Amino acid sequence: MSRVIALCFLLLAAVVGFIHIDSRPVWAPFSSGEVELTEAEDASQEIGSSAKLLNTVASKAKGSIQTAPPSPRADWLPDTGALSVHAASLIALRDGGVRAFWFAGTREGAPDVVINTAVFDTKSNHWSTPAVVIDRVGAEKGLSRYIAKLGNPVPSRMADGRMQLFFVTVSIGGWAGSSISTMISEDEGLSWSRPQRLITSPLINLSTLVKSPAVLFADGRLGLPSYHEWIGRFGEFLRLDGVRVIDKRRMSSGRGAIQPVVFVNSAQDATAYFRQTRGAGLPKQIPVSQAQNAGQTWQAATDLNIPNPNSALAGLTLRNGAHILALNNIEAGRHRLVLMMSNSQSGQWHVIETLENDESAPDQERKEFSYPYLMSVNGKDVHLVYTWDRKRIRHIYFPDNWLARAYSQLPIQRDSEVGADMKGAQ
Amino acid sequence: MMNSFLQTIALLEMAITSAMIIIWGLQKISQKEFPFAVKAVLLLALANLFFWPLGMSLELPLAAYVRGVTGDLSIVSTLLLWSSLLPGNKSAPISFKFGIALIALGFYPFALGFGMIDPYAWGYGSIAFFIAVLIFAVICGVANWSKGVWIVGFAIIAWGVHWHESMNLWDYLLDPFLAIWAIYGLCSAILHKRKEKARAGYLFRPG
Chain E
1 MSRVIALCFL LLAAVVGFIH IDSRPVWAPF SSGEVELTEA EDASQEIGSS
51 AKLLNTVASK AKGSIQTAPP SPRADWLPDT GALSVHAASL IALRDGGVRA
101 FWFAGTREGA PDVVINTAVF DTKSNHWSTP AVVIDRVGAE KGLSRYIAKL
151 GNPVPSRMAD GRMQLFFVTV SIGGWAGSSI STMISEDEGL SWSRPQRLIT
201 SPLINLSTLV KSPAVLFADG RLGLPSYHEW IGRFGEFLRL DGVRVIDKRR
251 MSSGRGAIQP VVFVNSAQDA TAYFRQTRGA GLPKQIPVSQ AQNAGQTWQA
301 ATDLNIPNPN SALAGLTLRN GAHILALNNI EAGRHRLVLM MSNSQSGQWH
351 VIETLENDES APDQERKEFS YPYLMSVNGK DVHLVYTWDR KRIRHIYFPD
401 NWLARAYSQL PIQRDSEVGA DMKGAQ
Chain L
1001 MMNSFLQTIA LLEMAITSAM IIIWGLQKIS QKEFPFAVKA VLLLALANLF
1051 FWPLGMSLEL PLAAYVRGVT GDLSIVSTLL LWSSLLPGNK SAPISFKFGI
1101 ALIALGFYPF ALGFGMIDPY AWGYGSIAFF IAVLIFAVIC GVANWSKGVW
1151 IVGFAIIAWG VHWHESMNLW DYLLDPFLAI WAIYGLCSAI LHKRKEKARA
1201 GYLFRPG
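Protein chains in written order, with the working numbering: chain E, 1 to 426; chain L, 1001 to 1207.
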């Protein structure tokens, strides 16, 4: 008799389970949509005709002298007095400003590390006084569990206009023991909801981190590129419904690729570039994965022929279809940081600006320029932030004219010339 | 508001679980079964100790520190542990431990990055996986272990009503502690059987 009652209860549970599965939203296409793609194609056609006149990087420089578009502007994120700062990120505000987030403390992983924020006024070109978004104790109380350290804040814009901040917390061990938490702001980052934990891993939710911006699906939900670092090192694509993970797809496998950066090419097509973490003797280049069904299944593709010294890269697509990367294009060290651009049609990458280069300095004097993060306010300009020797965060603004000119001057290449150019880019 | 309530419930669950583990440990040390009333009093005292903030230099209740390390345990682990307090409790059958151990050994390597197949992703809403879970529960029933049916049923309902932070059915069914318990239990049973066999062989060995 007790067995019959138990099986009846299981039947009830089965009904609840089936209703739950049935209410689950279907996987939606990316929201990039065909409108943006059409604009991109138009723009690249315009640019393509002028680019035919310019075949070499040398002629590019010559062109810039003739009309001299506004140059990139550099400044620093406000100093909080912290000895160590890292992992800055950006988001555009409704009023045209830019909000930055970064973590700061006596050292990376120290208990006194807090997540800071400041707003950049694009009219006056000034940063506001920095404020603390959350500290370790605040995270502990909000998440109702012990937290040892914080890191990697990544903001995102939800479909309903609210701002969502993802960040990493660690309770035990190093960064490989991380979990992702999230908070929502309804006032552009001035105040935040209680943090909530994203559950992403079956092993006591250990070892999922975030570094790169989320992408938007057509149904208003977010796709968050994340990565796993303990035992396996691989990328994961989380599908989020507000503060809940409702699905997850593997972007790579094994131990060689973390910190995916996703370029959405169309409603179904996306490419992810990774920071390589391969062992000795394996190629130190950027691993690539591709998805043709809005990120539901990812397949490893041929490496991008750009060196990567096991360091984070940042990526962005402009409205004209240009792809931008900020990265250390060297096989070892983080002492050179460059901005690269690619035509969406040719797919070939070219260095358009060397941002930092300590190549000529002795080894011990070389500084670290790392963790770049790219963001565009209007789809034409670019804001870049990166860690400058772990002491400060550098901010560089690239005006739209400057970027449009750089795009128009990308060399038209035959396939045979690509390899040689990439060597030059290094 | 709802989030705050669920966080409190999760802390309460962890406080009871922590208390249960201590009681289990005390029983092991004393090597005798405590009367139900003693266990109940101990549970009440220890669960309160873990649940309420103690102040001093501690920023959080003790249960929050445990939760920081372990996360939320699966419903299956939690109910198996809690049910051990009940009078007349029988330990889980060896075939259940064998099943859990086998699933865990197949599941964790793939879930932690071996290859592109991620069985953990099935837990978000794969019908095939859900039916497999139901079949597993029915097998428990057929094998005359009704407690297993109840526990899996509760785990499915908890997932359906979103009791914990996770939206993944795996997190309600399995956790590493359950896997370790099952593998340990299985190994102990095998060793015990071998010892018995060896002893029987010694007794009945022809002289």
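From the three backbone atoms N, C-alpha and C, an ideal C-beta is built for every residue, glycine too.
Please read all numbers here as calculations on a predicted model, not as lab measurements.
Beta carbon proximity, residue i to chain E, threshold 8 Å
i: L:Leu-1060; result: yes
i: L:Gly-1153; result: yes
i: L:Met-1116; result: yes
i: L:Asn-1144; result: yes
i: L:Leu-992; result: For residue 992 of chain L there is no data in the structure shown, the boundaries of chain L being 1001 and 1207.
i: L:Tyr-1184; result: no
i: L:Val-1041; result: no
i: L:Val-1076; result: no
i: L:Val-1113; result: Checking the sequence shown, residue 1113 of chain L turns out to be Gly, not Val. So, interface residue.
i: L:Ala-1121; result: yes
Inter-residue Cα distance where the pair is residue i and residue j
i: E:Pro-195; j: E:Thr-182; result: 5 Å
i: E:Tyr-373; j: E:Gln-409; result: 24 Å
i: E:Lys-211; j: E:Leu-224; result: 9 Å
i: E:Asn-328; j: E:Ser-266; result: 27 Å
i: E:Trp-402; j: E:Ser-124; result: 20 Å
i: E:Leu-355; j: E:Val-382; result: 14 Å
i: L:Ala-1200; j: L:Ser-1057; result: 58 Å
i: L:Trp-1150; j: L:Asn-1144; result: 12 Å
i: L:His-1164; j: L:Asp-1171; result: 9 Å
i: E:Tyr-273; j: E:Leu-304; result: 8 Å
i: L:Ser-968; j: L:Glu-1033; result: No information on residue 968 of chain L is available, as it lies outside the stretch 1001 to 1207 that chain L covers here.
i: E:Ser-64; j: E:Ile-204; result: Bear in mind that a pLDDT of 44 at E:Ser-64, under 50, signals an unreliable position, so the model cannot answer this.
i: L:Ala-1182; j: E:Arg-99; result: 50 Å
i: L:Thr-1070; j: E:Ser-253; result: 25 Å
i: L:Ala-1010; j: E:Gly-315; result: 39 Å
i: L:Phe-1107; j: E:Lys-248; result: 16 Å
i: L:His-1192; j: L:Tyr-1124; result: 39 Å
Within chain L, partners of residue i - CB distance below 7 Å
i: E:Tyr-373; result: Correct list: empty, because the minimum Cβ distance to chain L is about 26 Å.
i: E:Lys-211; result: Result: empty, since nearest Cβ-Cβ is about 18 Å, beyond 7 Å.
i: E:Phe-217; result: In chain order: nothing, as chain L lies at least about 15 Å away.
Among the options, the one whose alpha carbon lies nearest that of residue i
i: E:Trp-102; options: E:Arg-94, E:Leu-93 and E:Ala-82; result: E:Ala-82
i: L:Leu-1085; options: L:Gly-1153, L:Gly-1160 and L:Gly-1025; result: L:Gly-1025
i: E:Ile-165; options: E:Ile-172, E:Ile-180 and E:Gly-173; result: Looking at the sequence shown, residue 165 of chain E is not Ile but Leu. Nearest of E:Ile-172, E:Ile-180 and E:Gly-173 to E:Leu-165, Cα basis: E:Ile-180.
i: L:Pro-1119; options: E:Ser-201, E:Thr-106 and E:Asn-401; result: E:Ser-201
i: E:Asp-135; options: E:His-228, E:Asn-125 and E:Gly-151; result: E:Gly-151
i: L:Glu-1059; options: E:Leu-206, E:Ser-144, E:Asn-378 and E:Asp-363; result: E:Ser-144
i: L:Ala-1040; options: L:Pro-1087, L:Leu-1191 and L:Thr-1008; result: L:Pro-1087
i: E:Thr-169; options: E:Ile-199, E:Ser-193, E:Arg-157 and E:Arg-162; result: E:Ile-199
i: E:Leu-10; options: L:Ala-1063, L:Ile-1131 and L:Leu-1186; result: L:Ile-1131
i: L:Gln-1027; options: L:Glu-1013, L:Ser-1166, L:Leu-1043 and L:Ala-1015; result: L:Leu-1043
i: E:Ser-84; options: E:Val-243, E:Gly-142, E:Gly-109 and E:Asp-400; result: E:Gly-109
i: L:Ala-1037; options: L:Ala-1045, L:Ser-1030 and L:Gln-1031; result: L:Ala-1045
i: E:Phe-167; options: E:Tyr-227, E:Ser-128 and E:Thr-122; result: E:Tyr-227
i: E:Leu-190; options: E:Phe-237, E:Thr-117 and E:Ser-376; result: E:Thr-117
Contacts of residue i in chain E (Cβ-Cβ under 7 Å)
i: L:Ser-1166; result: Ile-199
i: L:Asn-1003; result: Arg-194 and Gln-196
i: L:Tyr-1065; result: Tyr-146
i: L:Gln-1007; result: Ser-144
i: L:Phe-1130; result: Gly-17 and Ile-21
i: L:Trp-1150; result: Ala-6 and Phe-9
i: L:Ala-1019; result: Going along chain E, no residue has its Cβ under 7 Å from L:Ala-1019, so there is no contact; the nearest lies around 17 Å.
Opposing strand residues paired with residue i [DSSP bridges]
i: E:Asn-357; result: E:Arg-336
i: E:Pro-225; result: E:Phe-237
i: L:Thr-1008; result: DSSP, once it has assigned bridges, lists no residue as partnering L:Thr-1008.
i: E:Val-288; result: E:Tyr-273 and E:Ala-301
i: E:Tyr-397; result: E:Arg-73 and E:His-383
i: E:Arg-157; result: E:Met-163
i: E:Ser-185; result: E:Met-163
i: E:Gln-196; result: E:Thr-182
i: E:His-20; result: Partner(s): none; E:His-20 has no beta bridge.
C-beta neighbour in chain L for residue i, strict 8 Å
i: E:Glu-36; result: Model confidence at E:Glu-36 stands at a pLDDT of 38, short of 50, so the residue's coordinates are unreliable and nothing is read from them.
i: E:Leu-430; result: The requested residue 430 of chain E does not occur in the structure, where chain E is confined to residues 1 to 426.
i: E:Glu-186; result: no
i: E:Glu-365; result: no
i: E:Gly-242; result: no
i: E:Gly-232; result: yes
i: E:Pro-202; result: yes
i: E:Asn-293; result: no
Residues that residue i contacts on chain E, provided the C-beta gap is smaller than 8 Å
i: L:Pro-1053; result: What L:Pro-1053 touches in chain E: nothing, since even the nearest Cβ is about 10 Å away.
Residues that residue i contacts on chain L, provided the C-beta gap is smaller than 9 Å
i: E:His-126; result: Within 9 Å Cβ-Cβ: nothing; E:His-126 doesn't reach chain L, min ~37 Å.
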